[in-house]
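Right, one structure below, let's go through it.
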Amino acid sequence: MRSPDNHAATATATTALLLASATCLGYVETVLVPQSALPGARLGLANIAILLVLFTQGPARAAFVSIARVILVGLATGALMTPVSGFAFAGAICSWGAMVAVARWGGERFSVVGWSIAGSAAHVCGQILAATLLLGTTAPLLLFPISLALALLSGVATGLVARLLLSRLPSLSLSPA
Amino acid sequence: MTRADMTLLALLALVALLAYPAGGALAGVGGAGAVLVGPRGTTEVDLNRPGRYVVEGTVGEVVFEVAGGSLICVDSSCPDSVCVRSGRLAPGAPIICAPNGVYALDSGSPGGTLDAVSR
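Residue numbers (this note's numbering), protein chains in the order written: chain L, 1145 to 1321; chain A, 847 to 965.
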């Protein structure tokens, strides 16, 4: 049986590991993966790590990892304190909120894939809303349908990867929230 | 995937599907003009007159080009250059450089009316 101190240390180490993973995935996606011409339409690789944190560590740590990841990737790419980070923050906060809402109120009915779909859709909504507010025009709303459709595809994909990782890495699931 | 996951996916796909015609209606019918909007003002562009237009954004310049009756973004100072990959301007498909606060709209689209003209 693990002592409370050990449990806390394991939880902290797992969170740190997943934050590092989220940052690496976010950076790799920003730098190496060709960007879509649609604002907000991304693979969302970093969301795999956020899903794992949410599943294993709970909403508070998931929020921490989500925001810290945006800051770290912003620092690494030089985009911190630019409007790009504003969009990333808006997307991350909306995505986290939607995933927590589905996880909390959806109960056992939704799997990690459902959390991911909700998070991905909310991410696009947040980014398009941020672009609409920044530009002061409804023009970004014209891109909403296609951006949402693409986000659903990436949400399913990242959710399936997260589910696969949770089944293959049982040590991650030792400290459920 | 659970049944709830599938329902959520279908519901959101339906939202995307229903939003598409709504976006088309918002986009208008299009015309032979476009407007370039930036932090310092709005510029009207005649799509029948080839030329290059430089719009000063919040982090640098965004360069648009009119050729062959259509407008494209050819260069931008933004980090991701999403705007440069946006292709040709069309009704319902604005070119947006969000980091620079610059966008191009077909003159038939919402917000395609002029507030001011910058030269």
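From the three backbone atoms N, C-alpha and C, an ideal C-beta is built for every residue, glycine too.
All values derive from a computational prediction rather than experimental measurement.
Problem set entry | Euclidean distance between Cα positions of A:GLY825 and L:LEU1278 | Nothing can be reported for residue 825 of chain A: it is not among the residues displayed for chain A, which extend from 847 to 965.
For this session: Take every Cβ of the stretch 1208-1215 of chain L, pair it with every Cβ of the stretch 1162-1170 of chain L, and state whether three or more of those distances are shorter than 8 Å.
Result: Yes, they touch.
Exercise. Counting only beta-carbon atoms, is L:ALA1152 nearer than 8 Å to chain A?
Worked result: Look at L:ALA1152: its C-beta is not under 8 Å from any C-beta on chain A.
For this session: Return no unless some Cβ of chain L is closer than 8 Å to the Cβ of A:ILE969.
Result: Residue 969 of chain A cannot be examined here, being either before or after the span of chain A that is shown, 847 to 965.
Exercise. Would L:GLN1201 pass as a contact of L:THR1158 if the rule is Cβ separation under 8 Å?
Worked result: Yes, Cβ-Cβ distance for L:GLN1201 and L:THR1158 is below 8 Å.
Problem set entry | Residues in the stretch 901-918 of chain A having any Cβ partner in chain L nearer than 8 Å | Those residues of the stretch 901-918 of chain A that come within reach of chain L (Cβ to Cβ, closer than 8 Å) are THR904 and VAL905.
Exercise. Do you know how far the Cα of L:GLY1250 is from the Cα of L:LEU1187?
Worked result: Those two C-alpha atoms are separated by around 25 Å.
For this session: Could you run through the stretch 1248-1265 of chain L and flag, in chain order, every residue whose CB is less than 7 Å away from some CB of chain A?
Result: Here the close residues are GLY1250, ARG1253, PHE1254, SER1255, VAL1257, GLY1258, ILE1261, ALA1262 and ALA1265.
For this session: Taking 8 Å as the threshold, find out whether the stretch 889-904 of chain A comes into contact with the stretch 1239-1255 of chain L through three or more Cβ pairs.
Result: The way I'd put it, the stretch 889-904 of chain A doesn't touch the stretch 1239-1255 of chain L; fewer than three beta-carbon pairs between them come closer than 8 Å.
For this session: Going by CA-CA distance only, name the one from L:LEU1287, L:VAL1228, L:PHE1199 and L:HIS1151 that's closest to L:ALA1306.
Result: Comparing alpha-carbon positions, the option among L:LEU1287, L:VAL1228, L:PHE1199 and L:HIS1151 lying closest to L:ALA1306 turns out to be L:PHE1199.
Problem set entry | C-alpha gap between L:LEU1285 and L:ALA1275, whole angstroms | The alpha-carbon of L:LEU1285 is positioned some 9 Å away from that of L:ALA1275.
Exercise. Buried or exposed: which applies to A:ALA856, given that a residue is buried once 16 or more other Cβ atoms fall within 10 Å of its Cβ?
Worked result: Exposed, by the Cβ-count rule.
Exercise. Does A:LEU951 come within less than 8 Å of chain L when only Cβ atoms are used?
Worked result: Proximity of A:LEU951 to chain L, defined by a Cβ-Cβ separation below 8 Å, is satisfied.
Exercise. In chain L, what lies closer than 7 Å to A:VAL861 by C-beta?
Worked result: Result: LEU1292.
For this session: Could you list which residues in chain L have their beta carbon closer than 9 Å to that of A:TYR899, in chain order?
Result: The contacting residues do not exist; A:TYR899 stays about 17 Å from chain L at best.
Problem set entry | Residue span of the beta strand (DSSP E) that contains A:GLY915, given as start and end | DSSP places A:GLY915 in no beta strand (DSSP E); its state is neither H nor E.
Problem set entry | Inter-stretch contact (C-beta, 8 Å, three-pair minimum) for the stretch 1256-1264 of chain L and the stretch 1299-1313 of chain L | Three or more Cβ pairs closer than 8 Å define a contact, and the stretch 1256-1264 of chain L meets that threshold against the stretch 1299-1313 of chain L.
Exercise. Using the rule of at least 16 other Cβ atoms within 10 Å of the residue's Cβ for burial, across every protein chain shown, is L:THR1282 buried or exposed?
Worked result: Exposed: under 16 other Cβ atoms inside 10 Å.
For this session: Decide if A:VAL875 is buried, meaning its Cβ has at least 16 other Cβ atoms within 10 Å, or exposed.
Result: Low confidence applies to A:VAL875: its pLDDT is 48, below 50, so where it sits in the model is not reliable enough to give any reading.
Problem set entry | Extent of the continuous alpha helix (DSSP H) run through L:CYS1238 | According to the DSSP assignment, L:CYS1238 belongs to the alpha helix (DSSP H) that extends over 1227-1250.
For this session: Please report the residue range of the alpha helix (DSSP H) in which A:LEU882 lies.
Result: That residue, A:LEU882, is in no alpha helix (DSSP H); its beta strand (DSSP E) goes 879-884.
Exercise. So, is the C-beta of L:THR1167 closer than 8 Å to a C-beta in chain A?
Worked result: No, L:THR1167 does not count as interfacial toward chain A.
Problem set entry | Distance between L:LEU1297 and A:ARG886 (C-alpha atoms, nearest Å) | The straight-line gap from Cα to Cα measures roughly 38 Å.
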